[in-house]
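Written below as structure tokens is the structure these notes are about.
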Ligand SMILES: Nc1nc2c(ncn2[C@@H]2O[C@H](COP(=O)(O)OP(=O)(O)OP(=O)(O)O)[C@@H](O)[C@H]2O)c(=O)[nH]1
Ligand SMILES: [Mg+2]
């Protein structure tokens, strides 16, 4: 049976990216007829109009990327839920693997840029160092074997999302997921993923501010 799939896309001023993304998602997995949920942080550009015109369901949310994803979860109907950025960093050609992992019984499937076959055109030296530090810290504290922590291209079973009961409003949400998934003994699969450079527009993550937030998420979940 074809699984029902919801793709949640948080957006903040992504007018130059969103149509291209929605088109390529459809091209890749049109046969599944995924539910596409865009949760917008009150963009001041044409993101919302373009997303709506291209068939997405639109919701609005104040707060950060994390709270947008949490809102999307509460609205989603699919048995499989996927988080995907709007800036074309996440390749739609990897969607099928994210879906089949959950379909075959995993609770969570996480794209990893640092597994063989993965990579990134989008990560600066400073961010890479920060990522390695956080991966080491989490694996040391929680006894996990993650190869990537802060990357947002992931899929979930609906049941796993309920259990995870996510709370982080910020860019710390991926870290919260990784920690809680390990603590709760969820069945997690990492797959190699290649992160492309954002296609156009400005990134919203600020390395120092968000690095400190991620650190606080790690410490408060101990
Ligand atoms: N709704 C909502 N979406 C957000 C917010 N901040 C970021 N996003 C979206 O979350 C996704 C990831 O944000 P990015 O700015 O691409 O973060 P990043 O990939 O670390 O940064 P770049 O490498 O510069 O692209 C994108 O789809 C953004 O539009 C927010 O406050 N609200
Ligand atoms: Mg990005």
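Numbering (this note's numbering), first residue to last: 2 to 223. Ideal Cβ positions, reconstructed from N, Cα and C, are used throughout, including at glycine. Since this is a predicted model, take the numbers as computed values, not measurements.
*Determine contact between the region 153-166 and the region 175-188, defined as no fewer than three beta-carbon pairs at a distance below 8 Å.*
yes
_Cα-Cα separation, residue 81 to residue 15_ = 25 Å
*Just list the alpha helix (DSSP H) runs in the region 84-127, keeping only unbroken ones of 4 residues or longer that don't cross its boundaries, in chain order.*
96-104
*Buried or exposed: where does residue 94 fall if 16 or more other Cβ atoms within 10 Å of its Cβ makes it buried?*
exposed
*Just the residues with CB closer than 5 Å to a heavy atom of ligand 1, in chain order, which are they?*
11, 12, 13, 15, 42, 65, 66, 69, 86, 87, 88, 123, 199, 204, 205 and 206
*Heavy atom of ligand 2 within 7 Å of residue 194 beta-carbon*: no
_What I want to know is whether the C-beta of residue 90 ends up closer than 7 Å to one or more non-hydrogen atoms of ligand 2._
yes
_Reference residue 115, options 191, 198 and 213, closest by Cα_ = 191
_Please list the terminal residues of the continuous alpha helix (DSSP H) segment that includes residue 53._
48-54
*Got a sec? Which residues, its chain only, sit under 6 Å from residue 37 by beta carbon, not counting five neighbours each side?*
8 and 57
*asked:* Nearest by alpha-carbon distance to residue 6: which of 99, 188 and 54 is it?
replied: 99
*residue 175, DSSP secondary structure in three states*: helix
*asked:* So, with DSSP's three-state summary, where would you put residue 187?
replied: coil
*Candidates 10, 72 and 145, of which the one nearest residue 182 by Cα*: 145
*Residues near residue 208 by beta carbon distance below 7 Å, same chain, minus five either side*: 127, 128 and 131
_Selection from 170, 217 and 220 that minimises the alpha carbon distance to residue 69_ = 170
*Could you give the distance in angstroms between the alpha-carbon of residue 43 and the alpha-carbon of residue 52?*
13 Å
*Neighbour-count burial assignment, residue 32, 16 or more Cβ in a 10 Å radius*: exposed
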